[in-house]
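Student: Heads up: the sequence shown at position 60 corresponds to 60 in full-length UniProt numbering, and the numbers run straight through without jumps. Sharing a structure here in structure tokens format.
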Amino acid sequence: MKPLKEFTIPFVGLKIGKHHFDYEVEKAFFEYFEFEDFNDANITVNVELEKKSTLLELHFKILGWVNVNCDLTNEPYNQTIENEFNLVVKFGDEYNDDYIDILIIPHGTFEINIQQYVYELIVLAVPAKRVHPGVEDGSLDSEILKKLEELSPSEQKEHKDQNEDIDPRWNKLKNLLTDK
Numbered sequence: 001m002k003p004l005k006e007f008t009i010p011f012v013g014l015k016i017g018k019h020h021f022d023y024e025v026e027k028a029f030f031e032y033f034e035f036e037d038f039n040d041a042n043i044t045v046n047v048e049l050e051k052k053s054t055l056l057e058l059h060f061k062i063l064g065w066v067n068v069n070c071d072l073t074n075e076p077y078n079q080t081i082e083n084e085f086n087l088v089v090k091f092g093d094e095y096n097d098d099y100i101d102i103l104i105i106p107h108g109t110f111e112i113n114i115q116q117y118v119y120e121l122i123v124l125a126v127p128a129k130r131v132h133p134g135v136e137d138g139s140l141d142s143e144i145l146k147k148l149e150e151l152s153p154s155e156q157k158e159h160k161d162q163n164e165d166i167d168p169r170w171n172k173l174k175n176l177l178t179d180k
């Protein structure tokens with residue numbers, strides 16, 4: 001996969017200290033990764049790069065929304081997301097990204113691409129179970145919800161089953177358990 005140029009940070013010319021980078025992520029970004037779970041997206045990504053003499057520290061912060069389909073009703077809605085992540089970039093003999101929050105890049109590297117970290121941070125910020133806010137507060141009027149309510153077991157049936165007369169022989173057997 002060819003890296004996106006806008007997410008490449010050339011750190012070699014930066015002075016030692018903190019530097020800020022801001023990105024706007026929309027649906028086209030996820031199409032690049034062939035990720036089709038989001039209908040639309042509007043996310044602000046703030047990256048603070050702190051350059052030190054022997055390493056780089058990156059602090060990612062995302063805030064925005066993604067339009068996803070509800071898992072219950074399949075109705076699209078905007079899911080608010082917020083997430084943070086810290087990454088330490090060290091220099092070594094060869095590229096190594098085995099650790100979650102440590103990236104080792106070869107000596108002589110002059111830039112770093114953060115697109116994969118941004119992508120994973122956004123995808124992991126979306127809840128595993130996506131429920132439309134209208135389902136939770138009861139304000140969503142949907143054909144699927146009506147059908148689910150129609151097919152769900154009613155409380156009256158459950159209550160009736162619990163109160164049905166029990167054969168007296170079973171009651172005598174239950175007494176055997178308590179008469180120890």
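C-beta atoms are modelled at their ideal positions from N, C-alpha and C, and glycine is treated no differently. Quick caveat, the model's predicted, so the values are computed rather than measured.
On the three-pair Cβ rule with 8 angstroms, is the segment 29-49 touching the segment 95-111?
Tutor: No contact exists between the segment 29-49 and the segment 95-111.
Student: Under 8 angstroms between the Cβ atoms of Asn83 and Ala125?
Tutor: Within the sequence shown, the letter at position 83 stands for residue 83. Within the sequence shown, the letter at position 125 stands for residue 125. Yes; because the gap between Cβ atoms is below 8 angstroms, this pair is in contact.
Student: Run the CB neighbour count on Gly64, radius 10 Å, all protein chains shown included, and call it buried at 16 or more, exposed below.
Tutor: Looking up residue 64 in the sequence shown gives position 64. Classification for Gly64: buried.
Student: Please report the distance separating the alpha-carbon of Asn46 from that of Leu72.
Tutor: Within the sequence shown, the letter at position 46 stands for residue 46. Within the sequence shown, the letter at position 72 stands for residue 72. Looking at the two C-alpha atoms, the distance is approximately 33 angstroms.
Student: Which residues bound the beta strand (DSSP E) around Tyr77?
Tutor: By 1-based counting over the sequence shown, the position of residue 77 is 77. Membership of Tyr77 in the beta strand (DSSP E) is indicated by the continuous run 76-92.
Student: Tell me the rounded alpha-carbon separation between Gln116 and Ser152.
Tutor: In the sequence shown, the residue the question calls residue 116 occupies position 116. In the sequence shown, the residue the question calls residue 152 occupies position 152. One C-alpha to the other measures close to 42 angstroms.
Student: Just to confirm before moving on: does the CB-CB distance between Asp22 and Thr8 stay below 8 angstroms?
Tutor: In the sequence shown, counting from the first residue as 1, residue 22 sits at position 22. In the sequence shown, counting from the first residue as 1, residue 8 sits at position 8. No, the pair does not count as a contact, with Cβ atoms beyond the cut-off.
Student: Using three-state DSSP, classify Pro133 as helix, strand or coil.
Tutor: Along the sequence shown, read from residue 1 onward, the residue named residue 133 stands at position 133. Looking at Pro133 - three-state DSSP - the assignment turns out to be helix.
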